[in-house]
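J.: One structure, as structure tokens, below. Some questions next.
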DNA sequence: GTCTATAGTCCGATAGAC
DNA sequence: GTCTATCGGACTATAGAC
């Protein structure tokens, strides 16, 4: 079953204080405003005044609640990875058959990213490279997701095959899926096709077919 | 044969006045400085002072030669697409066999992007979305490359197959290749593998294998 | 906790000397 | 054609009233 909640709702349900009660509404408003603007314009191109204006709060609320503009980015990263871990921790790991397990993993990754696509684009493309703290955190978390949740476990059974370039087939699969979300705005400009619900009913299995046929034949 | 010239040399050989003689060296220096900084930090995060400083010229030279900071971006786009057209206009279009032709097209695209990877990343990820002029130009030029040079011609022979989702298999191929270049800095952080000359001796054929096996089986 | 006002810095662009 | 000096504005962050 596909979770059709939007990013904004997801933030709302996750930004809570430690006790579990809802925190002040202003923090949520700033986060949602920032996510939408960072997604659309990029982190550097978005000003704190603009974020505050769209959230209908004063600029100083950003520094009060997040410390700095960078603090918003850190919180976005925390939320994104905690959500990805939640969405990816599902049924496919128990499946014994390699092909079925990989297919489930692909679908699980696509669905999880679909629910967090704005934050995903921000984190993949808009972390300033001089922010080593966040760059390193992103690398660590991506590694965990890709290797622990998707990749290593799923590819058990190929380990004895000779000459397999995991450094190619791994990024190739990530590349198909990641670029779909990172370049989503460009696809309609180029192909004149729509990415709607109908599309996503077909897409995950179609991608899994192509990839699995290709990789399985290559590995035989 | 792979052209091993770097971006900086490529700019040097292409920034010429209409008569064909070399223009002033300063314009080249600014372009190369800007390409390296835009590639590394992004367009918005890079200031004109920084570009000028790295090029060892004065800030006002940017406005004199390019009109504005945006003017540099426009010139980068012009150069990139003219180079892509040059590099892609090669032998594979004449090949009759579908599989061989597609394989050659994939290798041609990878090699062309490899020679222009800095400009490619800038153009794909760092054009401000409110700059509709450049956004539209990019869409038009990408369409030309993907459909005229790579895609439509190469997929003749599939046209009568039923139920083929060109809107999926097209972006899937572009996605594998594009994301390799767009996320190049991330790959070593995640996979602990190196992207060196040895890698590129294997990579194009490996990708072509996986994709062709997958798509051909899917289409049968 | 939330606001207004502003400090202090950096931005892109340009005037004007040579 | 290239430079130095500087304008006017936008930026992030913060001080201080309530």
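Chains as they are written, first to last, in my numbering: chain A, 1 to 220; chain B, 1 to 220.
Heads up, the beta-carbon is just placed ideally off N, CA and C, and yes, glycines get one too.
1. Interface residues of chain A around residue 189 (chain B) at Cβ under 7 Å?
2. Take residue 193 (chain B) as the anchor and find which of A:165, A:186, A:215 and A:138 has the nearest alpha-carbon.
3. Identify which residue in B:75, B:78 and B:109 has its Cα closest to the Cα of residue 91 (chain B).
4. Touch check for the region 123-142 of chain B and the region 178-197 of chain A: three-plus C-beta pairs under 8 Å?
5. Could you tell me the boundaries of the alpha helix (DSSP H) in which residue 214 (chain A) lies?
6. Would you decide whether residue 58 (chain A) is buried or exposed? Buried here means 16 or more other CB atoms lie within 10 Å of its CB.
7. Any C-beta of chain B sitting closer than 8 Å to the C-beta of residue 142 (chain A)?
8. Please report the distance separating the alpha-carbon of residue 196 (chain A) from that of residue 42 (chain A).
9. Using a Cβ cut-off of 8 Å (strictly closer), state whether residue 68 (chain A) contacts chain B.
10. Is any beta-carbon of chain A found at less than 8 Å from that of residue 277 (chain B)?
11. What is the DSSP secondary structure of residue 127 (chain B), reduced to helix, strand or coil?
12. Is the CB of residue 200 (chain B) under 8 Å away from at least one CB in chain A?
13. Have a look at B:127, B:27, B:201 and B:62 and flag the residue whose alpha-carbon is nearest the alpha-carbon of residue 39 (chain B).
14. Which value, in whole angstroms, describes the spacing of the CA atoms of residue 210 (chain A) and residue 48 (chain B)?
15. Closer than 8 Å is the cut-off here; do at least three beta carbon pairs connect the region 76-85 of chain A with the region 71-84 of chain B?
16. Does residue 44 (chain B) get closer than 8 Å to chain A when you measure Cβ to Cβ?
17. Quick check: what's the CA-CA separation for residue 203 (chain B) versus residue 62 (chain A)?
18. Mind checking if residue 60 (chain A) is an interface residue toward chain B, Cβ cutoff 8 Å exclusive?
19. Under a three-way DSSP split, which group does residue 82 (chain B) fall into?
20. Apart from the five residues on each side of it in sequence, which residues of its chain come closer than 7 Å, Cβ to Cβ, to residue 174 (chain A)?
21. Going by alpha carbons, who is nearest to residue 201 (chain A) out of B:200, B:168, B:208 and B:182?
22. Keeping to the same chain, check which residues put their C-beta closer than 8 Å to that of residue 206 (chain A); ignore five residues upstream and five downstream.
23. May I ask you to report which of helix, strand or coil DSSP gives residue 59 (chain B)?
24. Tell me, please, whether the CB atom of residue 39 (chain A) is closer than 8 Å to any CB atom in chain B?
25. Would you kindly report the start and end of the unbroken alpha helix (DSSP H) that includes residue 92 (chain B)?
26. Determine the closest residue to residue 98 (chain B) out of B:150, B:87 and B:45, with distance taken between C-alpha atoms.
27. Run down chain A in chain order and give the residues with a C-beta less than 7 Å from the C-beta of residue 172 (chain B).
28. So, with DSSP's three-state summary, where would you put residue 18 (chain B)?
29. Answer yes or no: does any C-beta atom of chain A fall closer than 8 Å to that of residue 214 (chain B)?
30. Does residue 114 (chain A) get closer than 8 Å to chain B when you measure Cβ to Cβ?
31. Indicate whether at least one CB of chain B lies closer than 8 Å to the CB of residue 102 (chain A).
32. Which whole-angstrom value is the C-beta distance of residue 121 (chain B) and residue 181 (chain B), which I expect to be below 8 Å?
33. Using alpha carbons as the reference points, say which of A:213, A:37, A:55 and A:113 lies closest to residue 130 (chain B).
34. Output the boundary residues of the alpha helix (DSSP H) element that contains residue 46 (chain A).
35. Does DSSP put residue 184 (chain A) in a helix, a strand or coil?
T.: This is what the structure holds:
1. Neighbours of residue 189 (chain B) on chain A, chain order: 139.
2. A:165
3. B:109
4. Contact between the region 123-142 of chain B and the region 178-197 of chain A is present, because at least three Cβ pairs lie under 8 Å.
5. 197-219
6. exposed
7. yes
8. Between residue 196 (chain A) and residue 42 (chain A), the C-alpha separation is close to 24 Å.
9. no
10. Summary: the structure shown does not reach residue 277 (chain B), with chain B confined to residues 1 through 220, and so no result is reported for it.
11. coil
12. no
13. B:127
14. 45 Å
15. no
16. yes
17. Approximately 46 Å, taken between the alpha carbons.
18. No, residue 60 (chain A) does not count as interfacial toward chain B.
19. Of the three classes helix, strand and coil, the one that applies to residue 82 (chain B) here is helix, per DSSP.
20. 146
21. B:168
22. none
23. In the structure shown, residue 59 (chain B) sits in coil (DSSP, three-state: anything other than H, G, I, E or B).
24. With respect to chain B, the C-beta atom of residue 39 (chain A) has no partner C-beta closer than 8 Å.
25. Careful: residue 92 (chain B) lies outside any alpha helix (DSSP H) and carries neither H nor E.
26. Nearest C-alpha to residue 98 (chain B): B:150.
27. 176, 207 and 210
28. Bear in mind that the predicted position of residue 18 (chain B) carries a pLDDT of just 44, short of 50, making it unreliable; the figure below should be weighed with that in mind. In the structure shown, residue 18 (chain B) sits in coil (DSSP, three-state: anything other than H, G, I, E or B).
29. yes
30. no
31. False, the Cβ-Cβ gap to chain B never drops below 8 Å.
32. 6 Å
33. A:37
34. Segment: none, residue 46 (chain A) is in no alpha helix (DSSP H) and carries neither H nor E.
35. coil
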